[in-house]
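Residue numbers (our numbering): 239 to 506.
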């Protein structure tokens with residue numbers, strides 16, 4: 239688990255509801271159970287400051303860092319998708335029958351292209367080719383993303399002339415649903431022994447570390463699964479069972495994880 243990625247998870251899952259700020263010493267304590275060293279935490283924090291995700295501040299418990307408005311928007315959007323069934327009473331997957339379609343001129347620089355691909359994937363877009371992207375619903379903040387990336391683009395609201403059958407075929411071109419389904423199955427198989435080993439007698443630190451690992455692994459699907467509406471998905475979609483598995487254990491382990499986080503934040 240990389241320190242920068244873990245910090246995003248930590249701020250999004252635990253610190254955002256607590257004001258989005260923490261002392262450096264607390265960050266180090268909170269990532270230590272994941273095997274992340276203090277120098278790695280400090281290096282990652284400095285990088286996130288340069289990228290506009292964090293800003294330095296002074297807290298009663300010492301020097302620390304808070305999230306920027308840019309980070310708050312990104313973390314809130316991620317949180318809504320991570321806990322999509324818990325927060326809304328069910329997946330937000332109603333579909334109007336139309337796609338949000340983007341045509342763009344890809345950046346010439348390889349690094350800029352890679353960042354754009356990752357960010358569009360995070361917002362739920364799949365690529366037909368390097369210049370054409372679709373999503374089953376408009377991605378929040380996509381215009382700001384493309385403008386910030388400095389690419390020329392056009393957006394359309396498009397309905398497939400072949401109806402749902404044509405739309406399903408288009409989806410199969412934009413996303414490898416078999417690979418995503420296999421990843422969901424592997425997620426449950428890999429995490430089940432870990433989370434099942436945590437019970438009422440498990441120390442809070444251990445429960446926190448296991449839950450953190452669970453959320454970290456689940457968060458990876460934000461870049462892979464666009465959360466398509468049922469009409470565009472295969473029958474018995476593997477993501478449904480995986481979401482139920484995640485919801486159950488994330489909720490079950492939350493109280494112990496919260497106790498550990500609160501204890502780390504109050505230490506000087």
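Glycine included, every Cβ here is placed at the ideal spot set by N, Cα and C.
Query                                                                                                                             : Result
Exposure of residue 312, with buried meaning 16 or more beta-carbon neighbours within 10 Å                                        : buried
Residue(s) in a DSSP beta bridge with residue 274                                                                                 : Bridge partners of residue 274: none, in fact.
Neighbourhood of residue 470 by C-beta, 8 Å cutoff - its chain only, sequence neighbours within 5 removed                         : 333, 374, 402, 405, 406 and 409
Cα-Cα separation between residue 370 and residue 393, rounded to whole angstroms                                                  : 10 Å
Backbone CA spacing between residue 379 and residue 336 [nearest angstrom]                                                        : 19 Å
N- and C-terminal bounds of the alpha helix (DSSP H) containing residue 456                                                       : 442 to 457
Three or more C-beta pairs below 8 Å linking the segment 430 to 444 and the segment 290 to 300                                    : no
contact_flag[the segment 474 to 483, the segment 271 to 283] where n(CB pairs < 8 Å) is 3 or more                                 : no
With 16 other Cβ atoms within 10 Å as the buried cut-off, status of residue 489                                                   : exposed
Spatial neighbours of residue 387 in its chain, beta-carbon cut-off 8 Å, leaving aside the 5 residues before and after            : 345, 350, 353, 354 and 357
Rounded straight-line distance, which links the Cα of residue 437 to that of residue 385                                          : 48 Å
Between the CA atoms of residue 493 and residue 503 - distance to the nearest angstrom                                            : 16 Å
Distance between beta carbons of residue 499 and residue 446, contact taken as under 8 Å                                          : 7 Å
Own chain, CB closer than 7 Å to residue 413, minus 5 neighbours either side, in chain order                                      : 364 and 464
Supposed contact pair residue 415 and residue 455 - C-beta distance, whole angstroms, cut 8 Å                                     : About 19 Å separates the two Cβ atoms, so there is no contact after all.
Which residues DSSP lists as bridging residue 295, in chain order                                                                 : 302
Neighbour-count burial assignment, residue 253, 16 or more Cβ in a 10 Å radius                                                    : buried
Coarse secondary structure for residue 259, derived from DSSP in three states                                                     : strand
With 16 other Cβ atoms within 10 Å as the buried cut-off, status of residue 247                                                   : buried
Which listed residue (242, 491, 250 and 305) has its alpha carbon closest to that of residue 510                                  : Only positions 239 to 506 of the chain appear in this structure, which leaves residue 510 out of reach.
Own chain partners of residue 327 with C-beta closer than 8 Å, once the 5 adjacent residues on each side are dropped              : Caution is warranted here: a pLDDT of 41 is assigned to residue 327, below 50, making its placement in the model unreliable, and the coordinate value is therefore given only provisionally. Result list for residue 327: empty, nothing under 8 Å.
Reference residue 291, options 396, 282 and 309, closest by Cα                                                                    : 309
CB contact flag (residue 250, residue 359, <7 Å)                                                                                  : no
Chain-order list of residues whose beta-carbon lies under 8 Å from that of residue 443 (same chain, five-residue window excluded) : 271 and 498
Buried versus exposed call for residue 257 [16 or more other C-beta atoms within 10 Å across all chains shown]                    : exposed
Classification of residue 325 by the beta-carbon crowding that lies within 10 angstroms, buried from 16 upward                    : Confidence is the limiting factor: at residue 325 the pLDDT is only 44, short of 50, which leaves the residue's position unreliable and the question unanswerable from this model.
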